[in-house]
Structure formats: C-alpha cells, structure tokens
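Heads up: the protein sequence lines correspond to chains A and B, in order.
Numbering that gives the first Met the number 0 puts the first sequence at residues 0 to 364.
Numbering that gives the first Met the number 0 puts the second sequence at residues 0 to 329.
By construction, the Cβ of each residue, glycine as well, lies at the ideal position given by its N, Cα and C atoms.
Note sheet for the following structure.
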Amino acid sequence: MNKQNKGPLVHIVKRAALPWYGSWGIRALAILLALVACALVTTVTTGENPIAVYAAMIDGAFGTVRKTWITFQNVAILLCISLAVTPAFRMRFWNIGAEGQTLIGCLATASCMILLADKVPNWLLICVMVVAAIVAGAVWGMIPAIFKAKWNTNETLFTLMMNYVATQLVAFFVIYWEVPKGAGKIGIINQSSELGWLPQLGNKYLLSIVVVAIVTVLMYLYLNYSKHGYEIAVVGESERTARYVGIKVEKVIVRTMVVSGAVCGLAGLLLVGGINHTVTTTIVGGRGFTAVMVSWLAKFNPIFMVFTSLLLVFLERGAGEIATDFGLNHSFGDILTGIILFFIIGCEFFINYKISFRKAAGKEE
Amino acid sequence: MFDFVSFIPRAIVQGIPLLFGCTGETLTEKSGNLNLGLPGVMYVGGISGVIGAFLYEQSVGSAGVNGFLAVFIPLICCLLGSLLMGLLYCFLTVTLRANQNVTGLAMTTFGVGFGNFFGGSLIKLSGADVPSIALSATSACFKKSLPFASNLGWFGKIFLSYGFLAYVAVIIAFVCAYVLKRTKVGLHLRAVGESPNTADAAGINVNKYKYMATCIGCMIAGLGGLYYVMDYACGVWSNDAFGDRGWLALALVIFTIWKPNVAVFASILFGGLYILYLFIPTGMNLAVKELYKMLPYVVTIIVLVISSMRNKRENQPPASLGLAYFREER
Chain A
0 MNKQNKGPLV HIVKRAALPW YGSWGIRALA ILLALVACAL VTTVTTGENP
50 IAVYAAMIDG AFGTVRKTWI TFQNVAILLC ISLAVTPAFR MRFWNIGAEG
100 QTLIGCLATA SCMILLADKV PNWLLICVMV VAAIVAGAVW GMIPAIFKAK
150 WNTNETLFTL MMNYVATQLV AFFVIYWEVP KGAGKIGIIN QSSELGWLPQ
200 LGNKYLLSIV VVAIVTVLMY LYLNYSKHGY EIAVVGESER TARYVGIKVE
250 KVIVRTMVVS GAVCGLAGLL LVGGINHTVT TTIVGGRGFT AVMVSWLAKF
300 NPIFMVFTSL LLVFLERGAG EIATDFGLNH SFGDILTGII LFFIIGCEFF
350 INYKISFRKA AGKEE
Chain B
0 MFDFVSFIPR AIVQGIPLLF GCTGETLTEK SGNLNLGLPG VMYVGGISGV
50 IGAFLYEQSV GSAGVNGFLA VFIPLICCLL GSLLMGLLYC FLTVTLRANQ
100 NVTGLAMTTF GVGFGNFFGG SLIKLSGADV PSIALSATSA CFKKSLPFAS
150 NLGWFGKIFL SYGFLAYVAV IIAFVCAYVL KRTKVGLHLR AVGESPNTAD
200 AAGINVNKYK YMATCIGCMI AGLGGLYYVM DYACGVWSND AFGDRGWLAL
250 ALVIFTIWKP NVAVFASILF GGLYILYLFI PTGMNLAVKE LYKMLPYVVT
300 IIVLVISSMR NKRENQPPAS LGLAYFREER
C-alpha cells in the first residue's frame, strides 16, 4: 500500500437529478427511520408501547367521522397557508410572516362581522368580509416586499417582526371589543343571528375544504402555466438573468408578495368566518411557521403539499390523542414532529449529493 | 414622577435573557448561520437546567442542597442541552447543507415542545411526590446577590441586586465583542460569514468555524433560558411562560447591528420596552397596553429599514447569512 496520493476518506459530489422513484424512496426511508426513532424516544421517555402510541395517533386523527372531518379541515387551512407562502419561496423570498398575514386577515374579517353586522344585508356583509380579509393580508405581505424591492431589506427578519406587530394589533382589538367587558376575549361573534358566518356546504367542515381545493388547483396553474409563474421562477433562479431578459424584478417581488399575502388573508377569512367565528391572538396557532416546512418538504409543489400538510396535521392531531390517552403532556406531539422533520430535512442531502468513499488501493475504479 | 429606581432593575432583569440570546445568535450569524431555532434552543437550555436541578433537589432533599452543586449541576445540564441543539443544527445545515430557515423552524418546534413536555411531565415521569416544579432552593443559589447591596440605596438596587448570571451575561457580551472585533479568530469568523469562498481560499477551515461559532452561540443562548427560569421566575417552570423572548432576542440581533457590546445596553432598552406598559399610567384602558407591547418589534423594523436604506457596509448582515457553503459549487 503506498501511503501517498490518498484523497480524503469521504468525498461529496453533487448528484445529477435522481429519478423520481429514487428521491421518493430516500424520503420514504427517512420517514420510516424517523418513525423508528420516535418509537424509541417514546419508549425511553414514557415507557409506553410505541405500537399502542401509533395506534392511538391514527385513532386520534381518523377514529370517528367527526375526527376525520376535523382533520381534513385542519389540513385545508394549513394547506391554504402553505400555498400562500409558496410563490414567494419559489422566488427565494423567505416569507416567514404568514402567521401575521393570516392573523391580519382574521382581524379584518372579525372587524367586518362586528362593525357591519346590523347595518348591511348579510350577502353584502360576506362580500365585504372576503374583500377586507384578502386586502388586509395582501397589504401585510406587501409592506416587507416594498422595502425588499427598493432597499433590499432582509425579508426573513422583516416578515418575522411583522408577525408580532399583527399579534399585538389583534390583542389590542380583542380587548377593545371584548364581550362581556373585562373578559379579555371576544367570544363567538353574532352567535344568535349568525350574521357574517360563511354559508355551509352540507356540513360545517366542507366549505373550507372545497375552497382550498380550488385554491390548490389555481395555485398549481398559476405557478406552472402562467407568465407570472415563469417570472417568479426566473427571479428565484437568478436575479441577474431576470434583469437581463427584461423582467422588472421589483415589480415581480411586490406582486408575488401581494398574492402571497392575499391567500393568507383568505385563510384568515376561512378561520374566522367559516370555522371559529371569533378571533384570538393564537387563532393561527403557529400554522404560519408550519406552512414554511410544509411548502419546503413538498419542494414547493402545490400537489405534493396536500400530502405533506396531511402528514403534519396527522402528527398534531394524533399527538393530541396520545396526550389524553396516556396522560402525557400535549407537547409530546411537537417532539415527534420535530424528530420526523429532522430526518426529512437530513435526507434531502442524500438526494442532492452522493458520497463516494476513497477507493481501497488496487481495487478497480 | 416616573419611578426609575424600580423600573431599571426590572428592565435589566427582563433584558438579561435577551442579552444571552442575542450574544449567542450574533456569534452564530457572524459565521453565516441564521439560526431561527434560537427560541427552541433557549427553551431546551432552560428545561435542561430545570431537569438537572430537579433531580438533584429530589435526591438530596431541599434542606441538604449544597450551594456549589446546586449552581454547577443545572449549569452543566443547560450547557450540554443547548450544545446538543447546536450540534444538531450544524450537522443538518453545515454537514448536510439543509435549508437553514426550515431547519431552524423545525428546531423551534422541537425545542419548545421538548421544554413544555418535560416541564409538564417531569413530575409524573420521575414519580416524585411534589405538586409542581418549584426549585426554590436552587433558585435561591442563583439569585444570591452581594450581601451589602441592599444597604447601598438606589445604587445597590440598580447595579448590584442581580444574581451572578446577569453579570456573566454582560461579561460574555463584552468578551464576544472583543473577540469578534480585535482578534484573529474573530477576523476569521467574520470572513467565513461574509465570504466563505474567500475564507476557504485563505486556508480557513470554514466548517470548523461554523460549527464552533454555532455551538458556542447556542450554549450562550441556552444560558438565557436558564437565567429566566432560575432567576427571573424563581425556579418555577410554567409552560409557555418564556413566551416569545427567543424571537425578541433575534430582533435584538438586528437592532444592535450584530454588535454584542451594543447589545448590553440595547437589551436593557428592549427589556424596558417589554415591560413599559406596566409603568405607563393608562388608567382603565387595558387595550392601549397591548399597543405598547408592540414597541420592541416596531423599533426593530425601523432599525432594519434604516440600516438597509443607509446601506453602510459595516452595518449590513453578514453577506452569506442563510446560505450553505459547498466548496465545489461555483
């Protein structure tokens, strides 16, 4: 064995594109490993049988007809917010302010419901709510975009801060409109008259699912088959190329964030007008952040997002069931979600890169 | 008259966890890693300390607590817990080159869940016979201030009434500022954050610097969680009590334009803004108080915008912030 001419032991090279079954095989393997790791963690920390824990999770998400409907409703909302952040991400604009954009949509909807309930006919009220929610979300998304376009202000940090401004704004109005005085919450808005409640389709869960299904298809078409979608992709790949071919980058950034914010506003409308009929500071419940992961896990593809959001909602709902069944803390689900995410995030490396070990001397190349 | 003598110590106490978080994150960001998992890291730091202290107190009984061990064990646990989080982040983003934003957010989910889970279930899991986690004996050791501080009137109250971790925070911040600005290690670290290609060409081990900066940064940030539980909250863990301080610490990093020595004062300012609503006489109008709580974030946005408008080179974020480095990519 000659001791010289040794390269490093491991050498990492970028892969050419894997066939689809290769990349999805790696992802499936990662999820499988993640479930094993979760089972280990569950057994070590709680002493419960992991199989029983997983069975309880499935029961929690799909155990009864009602639970299944709620699961799909949650999927719809999470999917809607994930769809909202996607155009921006394709442009490499890291919008982590979906939480705030949705919240401001919720606030706009709720304020219409409170202020206009007895003054205009119900159909007009609902129209105003739709417009208000979408405009509010769009404006909230547009503010960081304008600064990004004009002065290249860091959008990740800007949108993050906007979340808390929105939260405090909601906190202000919750106390301003609290019912009864001193309760610190608004309660169900227009409970007896049901003014401004979005109409039901069949049962109370279906409307948001249908709306989001439509949005999914539209977003897929928008991103893949429209001129706007193409411009977004070019700006994301290379801003210089975009400028060279005559795309107005500033305009694309602002326009895309308006779309992003508007869809978030729509999610807010569904949350307040269709589901909760009230507004609180925690109504979005971190979905704005979860949406970032949903979108990224699906490689920014709206159709795959249906599955990734289902996975994350399943984990969350299942974990809730574990918590009640085994007397554990509700946050156990977050730990499991975290572990599974780490595995999926890690596995992307093996999709994009190939590790070649140093060949032993004498062996063929 | 505005009561400064009682306001300033409370602002400082609020500011110290932010200062720890901010110093740690500054160090991390200088290496080009934008660690959005900071809130999670601070939670894990806090709860690791709590677990250590809890097990120790349970094993010796709260009467036989040895002052040195009571401080030492939680401290080590806290550093270890946050170090593991830092290693995890580095492994995913540096070695496996994963997206930093997604990794960070996943770490926040995990860390906050970890904290709340063990905070809520520690008693059940360890089978101890106590109603809630109240580590008053350990907390007393952490909170011990100089014995003569209370005799010095307003001076003692403003400058000397804190537990030792508060002074540690200030010292760490100044040391970090010095290292970053005046030493060779700091120069290399900044080079890695600004342009890893250039740094690599100059013979700096980029991955090593990224790992070191992020892990040390996470350990410092974890201390913020520990300080919050042991000193501010008097050893009582309650779920979600730490709140959005982790994000506020991230805001503080921008506010201080990546300078830990500025952070010492800015953290007190932020702490003050955080509790200002308690001191402003608004009468019965509780709603307005919620608007005051918005102040730290609004101020941060303004700083962010102004610093990007003025576009001065030394006030910009590290140029490669948020980007993974791969030597063979050109």
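Per-residue DSSP class, three states only, for residue i
{"i": "Y224 (chain A)", "result": "helix"}
{"i": "I344 (chain A)", "result": "helix"}
{"i": "H10 (chain A)", "result": "strand"}
{"i": "Y204 (chain A)", "result": "coil"}
{"i": "Y161 (chain B)", "result": "coil"}
{"i": "A318 (chain A)", "result": "helix"}
{"i": "Y324 (chain B)", "result": "coil"}
{"i": "K362 (chain A)", "result": "Note that K362 (chain A) scores a pLDDT of 45, beneath 50, so its modelled location is shaky and nothing firm can be said."}
{"i": "I354 (chain A)", "result": "strand"}
{"i": "A232 (chain B)", "result": "coil"}
{"i": "A97 (chain B)", "result": "coil"}
{"i": "A318 (chain B)", "result": "coil"}
{"i": "A136 (chain B)", "result": "helix"}
{"i": "M90 (chain A)", "result": "coil"}
{"i": "S191 (chain A)", "result": "coil"}
Residue j beta carbon less than 9 Å from that of residue i
{"i": "I174 (chain A)", "j": "G186 (chain A)", "result": "no"}
{"i": "F241 (chain B)", "j": "D333 (chain A)", "result": "no"}
{"i": "G59 (chain A)", "j": "G273 (chain A)", "result": "no"}
{"i": "C111 (chain A)", "j": "V278 (chain A)", "result": "no"}
{"i": "A107 (chain A)", "j": "A135 (chain A)", "result": "yes"}
{"i": "V9 (chain A)", "j": "S355 (chain A)", "result": "yes"}
{"i": "N100 (chain B)", "j": "I95 (chain A)", "result": "yes"}
{"i": "M160 (chain A)", "j": "L303 (chain B)", "result": "yes"}
{"i": "I133 (chain A)", "j": "H276 (chain A)", "result": "no"}
{"i": "C21 (chain B)", "j": "V252 (chain B)", "result": "yes"}
{"i": "L156 (chain A)", "j": "L87 (chain B)", "result": "no"}
Cβ shell of residue i (< 7 Å), same chain only, five flanking positions each side left out
{"i": "R14 (chain A)", "result": "N351, Y352 and K353"}
{"i": "S307 (chain B)", "result": "none"}
{"i": "A136 (chain B)", "result": "E56, S61, V64 and A69"}
{"i": "V257 (chain A)", "result": "A137, G140 and M141"}
{"i": "A10 (chain B)", "result": "I267, G270, G271 and I274"}
{"i": "L197 (chain A)", "result": "I125, L206, G272 and G273"}
{"i": "A148 (chain A)", "result": "E249, I252 and V253"}
Any C-beta of chain B under 9 Å from that of residue i
{"i": "I344 (chain A)", "result": "yes"}
{"i": "W139 (chain A)", "result": "no"}
{"i": "L156 (chain A)", "result": "yes"}
{"i": "L168 (chain A)", "result": "yes"}
{"i": "I282 (chain A)", "result": "no"}
Beta carbon proximity, residue i to chain A, threshold 9 Å
{"i": "A286 (chain B)", "result": "yes"}
{"i": "Y227 (chain B)", "result": "no"}
{"i": "M106 (chain B)", "result": "yes"}
{"i": "M293 (chain B)", "result": "yes"}
{"i": "Y316 (chain B)", "result": "Reading off the sequence, residue 316 (chain B) comes out as Pro, not Tyr. At least one chain A Cβ lies under 9 Å of P316 (chain B)."}
{"i": "S237 (chain B)", "result": "no"}
{"i": "E193 (chain B)", "result": "no"}
{"i": "L159 (chain B)", "result": "no"}
{"i": "V111 (chain B)", "result": "yes"}
{"i": "G119 (chain B)", "result": "yes"}
Spatial neighbours of residue i in its chain, beta-carbon cut-off 8 Å, leaving aside the 5 residues before and after
{"i": "E363 (chain A)", "result": "Its pLDDT being 42, under 50, E363 (chain A) is placed unreliably in this model, and the value from its coordinates should be taken loosely. Cβ neighbours of E363 (chain A) beyond the five flanking positions: none."}
{"i": "L28 (chain A)", "result": "C346"}
{"i": "A198 (chain B)", "result": "H187, A190, V191, V205 and Y208"}
{"i": "Q190 (chain A)", "result": "H276"}
{"i": "A55 (chain A)", "result": "G317, E320, I321, D324 and F325"}
Residues of its chain near residue i, where Cβ-Cβ distance is below 6 Å and the 5 sequence neighbours each way are ignored
{"i": "F92 (chain A)", "result": "E154"}
{"i": "G228 (chain A)", "result": "Y221 and L222"}
{"i": "M0 (chain B)", "result": "A caution first: M0 (chain B) carries a pLDDT of 48, below 50, which makes its placement in the model too unreliable to give a value."}
{"i": "Y231 (chain B)", "result": "V12"}
{"i": "I25 (chain A)", "result": "C346, F349 and I350"}
Contact set between residue i and chain D, taken where Cβ atoms lie within less than 9 Å
{"i": "F356 (chain A)", "result": "As a matter of chain content, chain D is missing from the structure shown, whose protein chains are A and B."}
The segment 325-338 of chain A contacting the segment 104-123 of chain B, beta-carbon criterion three pairs below 8 Å
yes
Below 8 Å, can you find three or more Cβ-Cβ pairs linking the segment 216-227 of chain B to the segment 31-50 of chain B?
yes
Is the number of C-beta pairs between the segment 91-107 of chain A and the segment 304-319 of chain A that are closer than 8 Å three or more?
With a cut-off of 8 Å, the segment 304-319 of chain A and the segment 91-107 of chain A do not count as touching, because too few Cβ pairs lie within range.
With three or more C-beta pairs closer than 8 Å as the rule, is the segment 209-218 of chain B touching the segment 75-87 of chain B?
Yes, the segment 75-87 of chain B touches the segment 209-218 of chain B.
Taking one C-beta from the segment 116-128 of chain A and one from the segment 63-78 of chain A each time, how about it: are there three or more such pairs within less than 8 Å?
No, the segment 116-128 of chain A is not in contact with the segment 63-78 of chain A.
Segment contact, 8 Å Cβ cut-off, at least three pairs: the segment 285-293 of chain A with the segment 77-87 of chain A
yes
Determine, using beta-carbon pairs with one atom in the segment 256-267 of chain B and one in the segment 21-39 of chain B, whether at least three such pairs fall under 8 Å.
yes
The segment 43-60 of chain A contacting the segment 298-316 of chain A, beta-carbon criterion three pairs below 8 Å:
yes
Kindly confirm or deny that the segment 88-99 of chain B and the segment 29-41 of chain B touch, where touching means at least three C-beta pairs closer than 8 Å.
yes
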